[in-house]
Every structure is written in C-alpha cells, then in structure tokens.
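Peer 1: The following block contains the structure, expressed as structure tokens.
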Amino acid sequence: MKLLLVAEYRDGKTLGNSNELIAFAEKVGGEHAMFMVGSVSSLPQYDGKLFLADAEKYGEYSPTVHKHLLLEVIGRENPEIIVFCHSSYGWDLAPRIAWALKAGQVSEVVDYVEGTLVVPMCNAKLRREVEVNTDVTVVTLQAGAFGLAELPTASPSVEQVDIDGTGAIEFLGYEEAEAGGVDLTKAEIIVSAGRGIGKPENVKMVADLAKALGGEYGASRPVVDSEWVEHTRQVGTTGQTVAPKLYVACGISGAIQHLAGMKKSEFVVAINTDKDAPIGDVADVLVVADLKQLVPMLTEKLNVR
Amino acid sequence: MNVLVCIKQVPDMESKFRVDAAGTWYDTTELAWRMNEYDEYAVEQAVRLKEQVKDADITVLSIGSDKVKETMKKALAMGCDRGAHIADDNVSGKEPCEIAGVIAEYAKEKNFDVIFTGMQSQDRGSGQVGVLVAEMLTLPAVTTIVDFVYSDGRIEVKRELEGGIKAKVAFTSPAVVTCQLGLNTPRYPTLPNIMKAKKKELLSIPIKDLLKVDARQHTDKVYFPEKKGGGLIIEGEPAELADKLIQILKEKTGVLA
Ligand SMILES: Cc1cc2nc3c(=O)[nH]c(=O)nc-3n(C[C@H](O)[C@H](O)[C@H](O)COP(=O)(O)OP(=O)(O)OC[C@H]3O[C@@H](n4cnc5c(N)ncnc54)[C@H](O)[C@@H]3O)c2cc1C
Ligand SMILES: Nc1ncnc2c1ncn2[C@@H]1O[C@H](COP(=O)(O)O)[C@@H](O)[C@H]1O
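Residue numbers (our numbering), protein chains in the order written: chain A, 1 to 305; chain B, 306 to 562.
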C-alpha cells in the first residue's frame, strides 16, 4: 500500500494535524510520502519525503492550483490512498482530487478496521463501514480520531514541486476571530447552553447556574449563530477550546465539533432529554431531564446550600 | 439571473434511530423529517440574492422519494420560484458522486449563475456534493461560507476556518458555494407564502433520466457504536436528580468545596 499525506499550512505556519495523517498511514501500513503547499521555513516534523510547493508563489487558498500541484505529485508517486484531514482545507480540496482521479472519496474517517473505512453518521449516533470500488481511494480523517503515541522529530527530505497554472479564485486575506469578552479558557467551571434551551430567554437560567457554581457560561454554535450569546463564549472547533475542572452541557447533543472544544474537561455533566445523545460518550454523568426544570432547581439548591 | 439551490431532506437528529433490515442504512420509517440544517442557509441566501438583484429565478432541487416534496414546499414558501424533484426511492443507496452527477446533469445546460448547496448533510455528512457538482461542471467552488456578497457578477465570500478565523475570497459567477451554519438567519415561511407556494411549479423527474455517473463506493454495514463512556446515566424526578447530581459533584469533583 502506498499513501500520500496532504499536510496543511496557514498564515505562514505548518498546522500540527499532519501527525494525524502519519498515524493513519501507520495504522494502514505501507509506504508514505507527504505533500504540502507551504514553505521551507516551517516544515512539518516528518521522517520521510515531503513534496513541497511554495505557498508564496501558489497562494494559501487557491484550490484549482493546489489541485494541479497535488495531481502532479500523484502522477509521479502513484499512491493508492490519498489522505487529507477533514478540515476546512481538506474537505475543500479532497473532492476535487477524487473527481480528477475518478476515485471514491470517504469523508471523516474515524477508524480503519481490517481494510474497511469507518465513518460516523447522523451526528455520531451511528457508524458506517464503507468500501471503495475504485483503485485509488481518497479519504479525509476526522480531527482527533488518529493520534501518534510518539511525535516525529525528524525533518523531511524536501522535493520542490512546480507547475504552471492559475485559478479562478482570488484569496483576499484572513480575518481574525473576534477578540475580547470573556476568556473561557481560564474558567475552572463552565456551564454551556445548547440549542435545547429553546429560546433566548433561557440563556439566563444557564448563566445563573454558572454563577451559582462560581463559573462562567458558554454556548454551542447554534446558540451563538442565533445571536443569543456572543461568539467569544462559543465552545468548539470554530470557537474556544476549554479544559475546565467541571463542564456542564445543557441541551447540547455532542456533535464532534463541540466535543473537540471541551472533551479534555476533567469532569463532564450533560443534561439532556435524549438518553442516546452522543454527549453521553464524553459525559461522566448524563442526567436525562428537561433542562428547563432541572437547571433552575439545581441553581436554587446550590444557592441555599 | 438563474439560481439553483440543492436541498436534502434528513431525519431529525434527535430521533430514535434503528438500523434497517439490510443493515446498510438507518431505518427510514417512523422518523420525523426536515430540511438539512445547512441547506436552510443555502435557501435563505438564494432568496436574499433574488431580493437584491430583483430579476432572478430560483430553482430548488431535491433528490429523494415523494416525501421530500414536503421539504421542497418549505423552500418554495421561503421564496424559491420552482421545484425540481428528482424522484428516487433509493436515495440513501446513492453515494455523493452519484448525487452530484445527477445534479450536474440536471444543471448542465441551464446556465445557473450561482448554485448553492449546504456544506454537508446531517445524516451522511460527506461534504462532497457541492464541490463535486462544481468540478463536474468546471465551475469555481468555495466551501464553508459564512458571508456572501454579490455585486455585478463578482462574488465575495468569507470561508470559515478552524478557530473562527475566516478567509476572504473572491471569484466571478457562474460558481458554486457551499453554505455553513450561521451564514444568515433563515426566515420562517409566513402563512400567505405557504399558501402561495402551493401554486408554484414542482415537477418530478425520474432519476434514471439523469443518473450517468457510476457509484465508486458502497456501504457494507451500519451499526451503533459501542458506548465509550462508562459514564453514569441518571433518570427520574427533577428534584431527586438535582440532589443526586449535587451529591455526585461533591464526591467526584472539588468544585463544591
Ligand atoms: C465546520 C463546522 C464547525 C463547527 N463548529 C462548532 C463549534 O465550534 N461549536 C459547536 O458547538 N458546534 C459547532 N458546529 C456545529 C455542530 O456540528 C452542531 O451542529 C452543534 O454543535 C449542535 O449544537 P447543539 O448541540 O446545541 O444543538 P443540537 O444538536 O440541536 O442538540 C440539541 C440537544 O438538546 C437536547 N434537548 C432538547 N430539548 C431539551 C430540553 N428541554 N432539556 C434538555 N435537553 C434538551 C436534544 O436532545 C439535543 O441533544 C460546527 C459544525 C461544522 C460543520
Ligand atoms: N439527495 C439530495 N438532494 C439534493 N441535494 C443534496 C442531496 N444530498 C446532498 N445534497 C446537497 O449536497 C450538500 C452536501 O451533502 P453531502 O455531500 O451528503 O454532505 C447538501 O447540503 C445538499 O445541499
């Protein structure tokens, strides 16, 4: 088996998720090489060959150009599996490569068991085993699903990649996430509101519980998207990553993007009406209850204590 | 201006799921169905684009059984002009490449200026269909957009990246964009618009007329993941649960000291 691992680079730096690609390659077994549009000044740690295209020249986001650069390397290397992270870079580029190669693409792989790829479905409530019918397979890996026991320390041997080509998409620059507001990463206790709170008025009951516990309140994405709570309080991949002593998830289903932001919490309590909600996977205690009843009651009992 | 929005009907994720008889998908009976969340943002953005440019026609497309027409009616009530229902009783058996192939085949000579899709479907979650449609039609595609501005054929969007950083990119129509949560605030259809939607065109086309791409993958098995936790599950009366929980927090954590 021969794999090509597609590493990522943003705003002048290599992203650390290349280790997950290496971990997957080790699980599958076989030879591998890496590809990145990046810079020699920030190389991934990798004990192997890196095909490097210059981000200065080709742009950090220029999908058509990146596609052709990658296809050039694929043409030379003939990998059977092309591996991306399931990230804003990976899910954008992978289907373009899959279509160009007439390859099957399996997205958000969480496991590889005896040659079959395993992916989640329905908000991780179910799992699906997928088999690809084509000679070449393209996969994207769920963030955090594959990890290395030992991080590589070696530097890769670099081979430069160049092509002629321009794309139709113009990259105008980055916009940083909103700053200011509370710093949730410093809170020892966080109580978060999810869509299960039902209406904006109920943010208060979650905030009150946080206060009764001496902590801060946070929120899942839909609550922030609805503008019930400001973005700086959002927990998850596109918000804050927190690791408090206690995390209480109120009416949060436990989507992977939310879990990524809080699963390192020391103790997790989930309050949810759905006993099967995936938040149960990371919760030390799952309280099956209507938060609208339970949360105010908890606050009251804590306050009279 | 000609606009296409692709929507999928998906089960409510709070449903009690069961594996189907073949063991290769979830059982589709006894579920509540709704519009894929990401696609609601796609529909809303298409309608806003029409409100902006005035002279536009929005086609909403969905592949699935007759049942998906219910969801399509919501899109029509939100402001889409016509519906293209691609009739397929076995849509769950179609992989993203086939779905995209059908959409591309439908769209290929219709000169759509903008094609909106969701960034992913909530049940399958491949995040492939939008980009594949663009590749098949050789159009530019930008994924995961949280901001969309159209001006005279030029489109400027923000792509959401990890950590809440955004990438600003520009391109010209025709193009495909895949919509992320929070792109806008999808409207609720009003009663008069629901009534009006009943009179809008909603044509069904058999999938075999449009299915020209072969499947490149198949599902072997669907199953419930093993429960990881070992976490405690407590049920009962709220007052009892509150006491129990406080007790647990006292015993297991230092936070109530
Ligand atoms: C690229 C990308 C990035 C993302 N980034 C983030 C992120 O940073 N953070 C984030 O949170 N999400 C993020 N998401 C969204 C994520 O996939 C989920 O859609 C989101 O986390 C769901 O939020 P939720 O759990 O509050 O809502 P839902 O999934 O709708 O869950 C609501 C829960 O409330 C429960 N409930 C309902 N009523 C009650 C009640 N009365 N009492 C108790 N429980 C009740 C339900 O059983 C359900 O489990 C991202 C998605 C994508 C694609
Ligand atoms: N059956 C379908 N009918 C119409 N559009 C679909 C269908 N399945 C997926 N799509 C579109 O493709 C997007 C991405 O889906 P997926 O690749 O399955 O994650 C969805 O948000 C829809 O816009």
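Glycine included, each C-beta is placed from N, C-alpha and C at the ideal position.
For tryptophan 228 of chain A, decide whether its Cβ has a neighbour in chain B, counting only Cβ atoms nearer than 8 Å.
Peer 2: What you label residue 228 of chain A is simply residue 228 of the first sequence in a count that begins at 1. Closer than 8 Å: no.
Peer 1: Mind listing the chain A neighbours of threonine 558 of chain B? Cutoff is C-beta to C-beta under 8 Å, in chain order.
Peer 2: On the second sequence, position 253 is the one that residue 558 of chain B refers to. Correct list: Lys245, Leu246, Glu266 and Phe267.
Peer 1: Between the region 209-220 of chain A and chain B, which residues of the former have a C-beta closer than 7 Å to a C-beta of the latter?
Peer 2: Leu213
Peer 1: Pairs of beta-carbons, one from the region 44-62 of chain A and one from the region 413-422 of chain B, closer than 8 Å: are there three or more?
Peer 2: The answer is no - the region 413-422 of chain B does not touch the region 44-62 of chain A, with fewer than three Cβ pairs under 8 Å.
Peer 1: Figure out for me which residue from A:Pro244, A:Gly251, A:Glu227 and A:Ala177 has the closest Cα to the Cα of methionine 205 of chain A.
Peer 2: Stepping through the first sequence from its first residue, residue 205 of chain A is reached at position 205. Minimum Cα distance to methionine 205 of chain A is reached at A:Gly251.
Peer 1: Shorter than 8 Å from the beta carbon of lysine 505 of chain B to some beta carbon of chain A?
Peer 2: Here the question's residue 505 of chain B lines up with position 200 in the second sequence. Taking Cβ atoms only, chain A never reaches closer than 8 Å to lysine 505 of chain B, which makes this a no.
Peer 1: I want to see whether chain A comes within less than 8 Å of glycine 536 of chain B, judged by CB atoms only; does it?
Peer 2: Within the second sequence, residue 536 of chain B is the residue found at index 231, counting from 1. For glycine 536 of chain B, the answer is yes, since a Cβ of chain A falls inside 8 Å of its Cβ.
Peer 1: If we call anything under 8 Å between Cβ atoms a contact, is isoleucine 420 of chain B one with aspartate 393 of chain B?
Peer 2: Stepping through the second sequence from its first residue, residue 420 of chain B is reached at position 115. Stepping through the second sequence from its first residue, residue 393 of chain B is reached at position 88. Not a contact, by the Cβ cut-off of 8 Å.
Peer 1: If you run the structure through DSSP and keep just helix, strand and coil, what is aspartate 310 of chain A?
Peer 2: Lying outside 1 to 305, the shown extent of chain A, residue 310 of chain A is not represented and no answer is given.
Peer 1: Taking 8 Å as the cut-off, decide whether the C-beta atoms of valine 438 of chain B and glycine 487 of chain B are in contact.
Peer 2: Within the second sequence, residue 438 of chain B is the residue found at index 133, counting from 1. Within the second sequence, residue 487 of chain B is the residue found at index 182, counting from 1. Contact: no.
Peer 1: Would you kindly check if the distance between the Cβ of glycine 194 of chain A and the Cβ of valine 158 of chain A is under 8 Å?
Peer 2: Looking up residue 158 of chain A in the first sequence gives position 158. Looking up residue 194 of chain A in the first sequence gives position 194. It is not a contact, given that the beta carbons lie outside the stated cut-off.
Peer 1: Taking contact to mean at least 3 C-beta pairs separated by less than 8 Å, is the region 256-268 of chain A in contact with the region 230-247 of chain A?
Peer 2: yes
Peer 1: Could you have a look at valine 474 of chain B and say whether DSSP puts it in helix, strand or coil?
Peer 2: Here residue 474 of chain B refers to the residue found at position 169 of the second sequence. Residue state, collapsed to three classes: strand.
Peer 1: Mind checking whether valine 235 of chain A and isoleucine 538 of chain B have CB atoms under 8 Å apart?
Peer 2: As a first step, residue 235 of chain A must be located in the first sequence, where it is residue number 235. As a first step, residue 538 of chain B must be located in the second sequence, where it is residue number 233. Result no, Cβ atoms of valine 235 of chain A and isoleucine 538 of chain B do not sit closer than 8 Å.
Peer 1: Ordered along the chain, which non-local residues of its own chain (more than five positions away) have a Cβ less than 7 Å from that of leucine 148 of chain A?
Peer 2: In the first sequence, counting from the first residue as 1, residue 148 of chain A sits at position 148. In its chain, beyond the 5 residues on either side, Asn19, Ile22 and Ala23 have a beta carbon closer than 7 Å to the beta carbon of leucine 148 of chain A.
Peer 1: Applying the criterion that 16 or more other CB atoms from any shown protein chain within 10 Å of the CB defines a buried residue, is lysine 313 of chain B buried or exposed?
Peer 2: Residue mapping note: residue 313 of chain B aligns to position 8 of the second sequence, counting from 1. Lysine 313 of chain B should be labelled buried.
Peer 1: For chain B, is any of its Cβ atoms less than 8 Å away from the one on serine 87 of chain A?
Peer 2: Counting from 1 along the first sequence, the entry for residue 87 of chain A is found at position 87. Closer than 8 Å to some Cβ of chain B, the Cβ of serine 87 of chain A qualifies, so yes.
Peer 1: Per the DSSP calculation, aspartate 111 of chain A is bridged to which residue(s)?
Peer 2: As a working note, residue 111 of chain A is residue 111 in the first sequence. According to DSSP, aspartate 111 of chain A bridges with A:Val118.
Peer 1: Counting only Cβ pairs nearer than 7 Å, list the residues of chain B close to aspartate 183 of chain A.
Peer 2: Numbered from its first residue, the first sequence carries residue 183 of chain A at position 183. Correct list: empty, because the minimum Cβ distance to chain B is about 14 Å.
Peer 1: My understanding is that lysine 463 of chain B touches alanine 472 of chain B, with C-beta atoms under 8 Å, so please give their C-beta distance in whole angstroms.
Peer 2: Looking up residue 463 of chain B in the second sequence gives position 158. Looking up residue 472 of chain B in the second sequence gives position 167. Between alanine 472 of chain B and lysine 463 of chain B the Cβ distance is about 7 Å, and since that is below 8 Å, they are a contact.
Peer 1: Closer than 7 Å to a non-hydrogen atom of ligand 2 - does that hold for the CB of leucine 366 of chain B?
Peer 2: Taking the first residue of the second sequence as position 1, residue 366 of chain B is located at position 61. It does: the Cβ of leucine 366 of chain B is within 7 Å (strictly closer) of some heavy atom of ligand 2.
Peer 1: Does cysteine 250 of chain A get closer than 8 Å to chain B when you measure Cβ to Cβ?
Peer 2: Numbered from its first residue, the first sequence carries residue 250 of chain A at position 250. Cβ-Cβ to chain B under 8 Å: no for cysteine 250 of chain A.
Peer 1: Do you know how far the Cα of aspartate 92 of chain A is from the Cα of serine 192 of chain A?
Peer 2: Here residue 192 of chain A refers to the residue found at position 192 of the first sequence. Here residue 92 of chain A refers to the residue found at position 92 of the first sequence. Rounded to the nearest angstrom, the two C-alpha atoms are 30 Å apart.
Peer 1: In its own chain, which residues sit with a C-beta less than 6 Å from the C-beta of glycine 254 of chain A, not counting the 5 before and 5 after it?
Peer 2: The count along the first sequence starts at 1 and reaches residue 254 of chain A at position 254. Counting only Cβ-Cβ distances below 6 Å, and skipping sequence neighbours, we find Ala277, Pro278 and Ile279.
Peer 1: Does proline 200 of chain A pass the burial test, meaning 16 or more other C-beta atoms within 10 Å, or should it be called exposed?
Peer 2: Residue mapping note: residue 200 of chain A aligns to position 200 of the first sequence, counting from 1. That one is exposed.
Peer 1: Is there a Cβ from chain A that is less than 8 Å from the Cβ of valine 348 of chain B?
Peer 2: In the second sequence, counting from the first residue as 1, residue 348 of chain B sits at position 43. Chain A contact via Cβ: absent.
Peer 1: Would you kindly work out how many angstroms separate the C-alpha atoms of isoleucine 510 of chain B and alanine 389 of chain B, rounded to a whole number?
Peer 2: Here residue 510 of chain B refers to the residue found at position 205 when the second sequence is read from its first residue. Here residue 389 of chain B refers to the residue found at position 84 when the second sequence is read from its first residue. Rounded to whole angstroms, isoleucine 510 of chain B to alanine 389 of chain B spans 7 Å at the Cα level.
Peer 1: Report back the beta-carbon spacing between leucine 515 of chain B and isoleucine 391 of chain B to the nearest angstrom; my notes put them in contact at under 8 Å.
Peer 2: In the second sequence, the residue the question calls residue 515 of chain B occupies position 210. In the second sequence, the residue the question calls residue 391 of chain B occupies position 86. That pair is a contact at about 6 Å.
Peer 1: Would you check if the distance between the CB atom of valine 348 of chain B and the CB atom of serine 426 of chain B is smaller than 8 Å?
Peer 2: As a working mapping, residue 348 of chain B is identified with position 43 in the second sequence. As a working mapping, residue 426 of chain B is identified with position 121 in the second sequence. No.
Peer 1: For phenylalanine 529 of chain B, count neighbouring C-beta atoms within 10 Å of its own C-beta (all shown protein chains included) and say buried if the count is 16 or more, exposed if not.
Peer 2: Walking along the second sequence from the start, residue 529 of chain B turns up at place 224. Per the 10 Å Cβ criterion, exposed.
Peer 1: Could you tell me if the beta carbon of glutamate 540 of chain B falls within a distance shorter than 7 Å of some heavy atom in ligand 1?
Peer 2: Counting from one through the second sequence, the residue named residue 540 of chain B turns up at place 235. Checking the Cβ of glutamate 540 of chain B against ligand 1 gives no.
Peer 1: Check whether the Cβ of arginine 521 of chain B lies closer than 8 Å to any Cβ atom in chain A.
Peer 2: For the purposes of this step, residue 521 of chain B is taken as the residue at position 216 of the second sequence. So yes, arginine 521 of chain B belongs to the interface.
Peer 1: Return the Cβ separation of proline 105 of chain A and valine 138 of chain A in integer angstroms, given the expectation that the two are a contact with Cβ distance under 8 Å.
Peer 2: Translated into positions along the first sequence, residue 105 of chain A becomes position 105. Translated into positions along the first sequence, residue 138 of chain A becomes position 138. The question names proline, but residue 105 of chain A is glutamine in the sequence shown. Yes, glutamine 105 of chain A and valine 138 of chain A are in contact; Cβ-Cβ is about 4 Å, under 8 Å.
Peer 1: Assuming proline 543 of chain B is part of the alpha helix (DSSP H), what are its boundary residues?
Peer 2: If you number the second sequence from 1, residue 543 of chain B lands on position 238. The continuous alpha helix (DSSP H) containing proline 543 of chain B extends over residues 543-557.
Peer 1: For arginine 459 of chain B versus threonine 477 of chain B, is the C-beta spacing smaller than 8 Å?
Peer 2: For this step, residue 459 of chain B is matched to residue 154 along the second sequence. For this step, residue 477 of chain B is matched to residue 172 along the second sequence. In contact: arginine 459 of chain B and threonine 477 of chain B (Cβ atoms closer than 8 Å).
Peer 1: Ordered along the chain, which non-local residues of its own chain (more than five positions away) have a Cβ less than 6 Å from that of tyrosine 247 of chain A?
Peer 2: Taking the first sequence and counting its residues from 1, the one referred to as residue 247 of chain A is at position 247. Correct list, in chain order: Ile190, Met262, Ser265 and Val268.
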